[in-house]
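Here the structure comes first, spelled out in structure tokens, and everything after it is commentary.
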Amino acid sequence: KAGVTQTPRYLIKTRGQQVTLSCSPISGHRSVSWYQQTPGQGLQFLFEYFSETQRNKGNFPGRFSGRQFSNSRSEMNVSTLELGDSALYLCASSPRLAGAGETQYFGPGTRLLVL
Amino acid sequence: GESVGLHLPTLSVQEGDNSIINCAYSNSASDYFIWYKQESGKGPQFIIDIRSNMDKRQGQRVTVLLNKTVKHLSLQIAATQPGDSAVYFCAENIVGSYIPTFGRGTSLIVHP
Numbered sequence: 002k003a004g005v006t007q008t009p010r011y012l013i014k015t016r017g018q019q020v021t022l023s024c025s026p027i028s029g030h031r032s033v034s035w036y037q038q039t040p041g042q043g044l045q046f047l048f049e050y051f052s053e054t055q056r057n058k059g060n061f062p063g064r065f066s067g068r069q070f071s072n073s074r075s076e077m078n079v080s081t082l083e084l085g086d087s088a089l090y091l092c093a094s095s096p097r098l099a100g101a102g103e104t105q106y107f108g109p110g111t112r113l114l115v116l
Numbered sequence: 002g003e004s005v006g007l008h009l010p011t012l013s014v015q016e017g018d019n020s021i022i023n024c025a026y027s028n029s030a031s032d033y034f035i036w037y038k039q040e041s042g043k044g045p046q047f048i049i050d051i052r053s054n055m056d057k058r059q060g061q062r063v064t065v066l067l068n069k070t071v072k073h074l075s076l077q078i079a080a081t082q083p084g085d086s087a088v089y090f091c092a093e094n095i096v097g098s099y100i101p102t103f104g105r106g107t108s109l110i111v112h113p
């Protein structure tokens with residue numbers, strides 16, 4: 002079974018631009034969660050989508066948004082990019098809603114650099 | 002590879018030794034905990050989890066211990082191998098809503 006895939010793997014943008022990242026979960030998985038990883042803040046939870054609905058949300062500004070399609074693929078959008086948005090963006094999928102007893106499988110991440 | 006932290010605590014061990022990685026969590030209401038392993042250039046990988054109604058849980062070569070009194074979690078790796086070299090971090094969560102909080106991580110270096 003193919004793992005979680007993320008595209009693109011690397012991206013360079015300038016301040017003020019917007020960016021869309023894509024995540025394809027493992028086949029049959031219905032939950033997709035997004036995370037931001039930086040050297041300064043470590044790994045932080047952004048949000049989780051399940052059955053095309055956002056179910057949980059971390060403490061990030063509204064510039065960070067996402068959506069999930071009927072095939073469970075998910076996209077994450079960051080508008081009005083700031084230098085501090087430079088990070089590794091990870092997505093993870095699980096068969097059911099993330100939480101106790103539900104193993105998440107992570108993709109390799111998209112490395113975003115904002116100049 | 003990807004850097005997950007510039008100033009991570011580092012644990013250096015010899016191959017075959019047992020390793021113990023510690024994590025202090027912050028929320029006394031957290032009742033679900035996960036350990037992840039992240040190798041350079043890869044996403045995190047689930048290792049083992051534990052709920053707050055347990056003090057200990059064992060997996061293959063790994064054991065997680067939970068001390069709720071002092072809000073401390075540890076991961077023990079038996080017979081550490083070079084392939085165990087990675088960054089390890091814990092996550093805490095309150096069951097019922099998935100909004101995990103992650104620790105900063107510990108870099109484990111295993112010398113052959």
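In the order they appear, the protein sequences are chains U and E. Everything in the first sequence is counted per our numbering, starting at 2 for the first residue and increasing by one. Everything in the second sequence is counted per our numbering, starting at 2 for the first residue and increasing by one. For each residue, glycine too, the CB sits at the ideal point set by N, CA and C. On a predicted model such as this, the values are computed, not experimentally measured, just so you know.
What three-state label does DSSP hand residue i in the structure shown?
{"i": "U/L12", "result": "strand"}
{"i": "E/D50", "result": "strand"}
{"i": "U/L82", "result": "coil"}
{"i": "U/G29", "result": "coil"}
{"i": "E/G84", "result": "helix"}
{"i": "E/Q61", "result": "coil"}
{"i": "E/M55", "result": "coil"}
By Cβ distance, which residues of its chain are closer than 6 Å to residue i, with the 5 residues on each side in sequence left out?
{"i": "U/L114", "result": "I13 and S87"}
{"i": "U/L116", "result": "T15"}
{"i": "E/V88", "result": "V5, Q39, G106 and S108"}
{"i": "U/R74", "result": "S25"}
Just the Cα atoms here: how many angstroms apart are residue i and residue j?
{"i": "E/S86", "j": "U/P109", "result": "18 Å"}
{"i": "U/S95", "j": "U/R10", "result": "21 Å"}
{"i": "E/M55", "j": "U/V20", "result": "43 Å"}
{"i": "E/P113", "j": "U/S71", "result": "48 Å"}
{"i": "E/I51", "j": "E/V65", "result": "7 Å"}
Excluding the 5 residues flanking residue i on each side, which residues of the same chain have their C-beta closer than 7 Å to its C-beta?
{"i": "U/F84", "result": "The displayed chain sequence assigns Leu, not Phe, to residue 84 of chain U. Excluding residues within five positions, the ones whose Cβ falls inside 7 Å are R16 and V115."}
{"i": "E/A79", "result": "N19 and R62"}
{"i": "U/Q45", "result": "Y36, Q37 and G59"}
{"i": "U/T6", "result": "S25 and G108"}
{"i": "E/V111", "result": "V14, E16, T81, Q82, P83, D85 and S86"}
* **Cβ contact (3+ pairs, closer than 8 Å) linking the region 23–42 of chain E and the region 93–102 of chain E** => yes
- Message: To test your reading of the DSSP string, which unbroken beta strand (DSSP E) runs of 3 or more residues are found completely within the region 35–72 of chain U?
- Response: 43–51, 54–58 and 65–69
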